[in-house]
Amino acid sequence: MLTCKEQVARSSDYLDGQLTFRERLLVRHHLMFCPNCRRFIRQMRLMQATLKILPDEPVGDVDALAQQLAAERLKDQKGGE
Ligand SMILES: [Zn+2]
-3 MLTCKEQVAR SSDYLDGQLT FRERLLVRHH LMFCPNCRRF IRQMRLMQAT LKILPDEPVG
57 DVDALAQQLA AERLKDQKGG E
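Read in order, the letters of the sequence shown correspond to residues -3 to 77 in this note's numbering.
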């Protein structure tokens, strides 16, 4: 099983879909047993989504934007991992 440090090191590649099948399995296995890393991945995913849809003008309240994204994710329960 991956350590949390190894897990964190792979997080961004995991979210980008850059990991090999084997590494994805390792990451998913770790996430299954590690709530801390689950939370971390969720926050990273939100952050990536935020960066993707970020408007050209600077956003004053990033927290509000993140919350809005989280709310939309809840609405959109397709289980897209
Ligand atoms: Zn962990």
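Every residue, glycine too, gets a C-beta built ideally from N, C-alpha and C. For clarity, every value in this text was computed on a predicted model and none was experimentally measured.
Taking 7 Å as the cut-off, the beta carbon of Arg6 is found closer than this to the beta carbon of Val23. Gln63 is positioned such that its CB atom lies no closer than 7 Å to that of Cys33. Leaving aside the five residues that flank Pro31 on each side, none in its chain has a CB nearer than 6 Å to its CB. Between the alpha carbons of Lys48 and Asp59 lies a gap of roughly 15 Å. Closest option to His26, judged by alpha-carbon separation, among Leu70, Thr(-1), Leu50 and Asp9: Thr(-1).
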